[in-house]
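What follows is a short report on a single structure.
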Amino acid sequence: MKGDLFSSEHMVQPATAPGMTVENSKCIRYAVNGEMLARQGAMIAYRGGLQFERKGQGVGGMLKRAVTGEGLPLMAVSGQGEAWFAHEAQNCFIVEVEPGDEFTVNGRNVLCFDASLSYRIATVKGSGIAGGGLFNSVFTGHGRLGLVCEGNPLVIPVSHQYPVYVDTDAVVGWSAGLATSLHRSQSIGSMLRGGSGEAVQLVLQGEGFVVVRPSEATPQKTQQH
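In this text, residue positions in the sequence shown follow the numbering used here: the first is 110, and each later residue adds one.
As structure tokens, then:
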């Protein structure tokens, strides 16, 4: 068969290195040689000798599953082979986490990550509604973290002189060392989010950066069973 579908733009080529790479703007490929972790349900294809296992259901497991948000548990992928991950055709990006780094990220934006990364659930200080809940996930260690985002994200520098105010539904994540608080602005509320009368932003102060997606949260789609 011939046609544009079979051009090099769409045809998968052999992996050139182990680990995580961006296959295209909507998909991440992971060449597995051991174990990695991913958002459950995000695998769209695989080849080779891979096993997929749900994470534990105990109390500790429940906390770690919260890294991908309520109702979005993690799965472990182990063996040797290749797997492709995507989520609702959202754009995919890779963050390199190095020793000493700490990256706080909204669970809804987590797609997959190296097993060498450590993660914990942390309260977003000063805000009980940031990212739609009390908790975000914090990644540390050394490895790669695959993220999804509706549209192309903005990476905004934060400084002591210029704190950044972000919509709580639009924030993706931020770097270590930034202080968070909640800010309510009555004066601009009528101009934002349909004129609710009060705008609420997450304030980030310190030295670092914040990642913001160019859209607000959309209602959760009905789960298909």
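Cβ atoms here follow ideal geometry from the backbone N, Cα and C, with glycine treated the same way. None of these values were measured; they are calculated from a predicted model.
For R138, the secondary structure class from DSSP, reduced to helix, strand or coil, is strand. For G216, the secondary structure class from DSSP, reduced to helix, strand or coil, is helix.
Taking the C-beta atoms as reference points, V186 is found nearer than 8 angstroms to F161.
Sequence-distant partners of S227 (beyond 5 residues in either direction) whose C-beta falls short of 8 angstroms from its own C-beta, in its chain, are F248, T249, G250. In summary, S246 is buried, with 16 or more beta-carbon neighbours lying within 10 Å of its beta-carbon over all protein chains present. Boundaries of the beta strand (DSSP E) around Y228: 226–232. Around the C-beta of I137, 16 or more other C-beta atoms lie within 10 Å, and the residue is accordingly described as buried. Here the C-alpha atom of G209 lies approximately 51 angstroms from the C-alpha atom of M110. For L263, same chain residues with a beta-carbon under 6 angstroms away, outside a window of 5 residues either side, are V321 in chain order. By the neighbour-count criterion, in which a residue is buried when 16 or more other Cβ atoms sit within 10 angstroms of its Cβ, T232 is exposed. A distance below 7 angstroms between beta-carbons, with the five flanking residues on each side excluded, links P272 to the following residues of its chain, in chain order: V312, L313, Q314.
For T289 and G282, the gap between their C-alpha atoms comes out near 12 angstroms.
At a Cβ-Cβ threshold of 8 angstroms, R293 and V319 do not count as neighbours.
From the listed residues D276, V275, V280, Q270, the smallest Cα separation to E316 is found for Q270. D276 carries a strand assignment under DSSP once its states are collapsed to helix, strand and coil.
For E259, the number of other beta carbons within 10 angstroms of its own is at least 16, and it is reported as buried. Taking V141 as reference, the option from R148, M129, Q199 with the minimal CA-CA separation is M129. Of the candidates A285, G286, G255, G255 places its Cα closest to the Cα of E132.
A195 and C221 have their C-alpha atoms spaced approximately 9 angstroms apart.
Residue burial annotation: Y139 is buried, with at least 16 other C-beta atoms found within 10 angstroms of its C-beta. For V186, the enclosing beta strand (DSSP E) starts and ends at 183–194.
Residue burial is scored here from C-beta neighbours: P182 has at least 16 other C-beta atoms within 10 angstroms and is therefore classed as buried.
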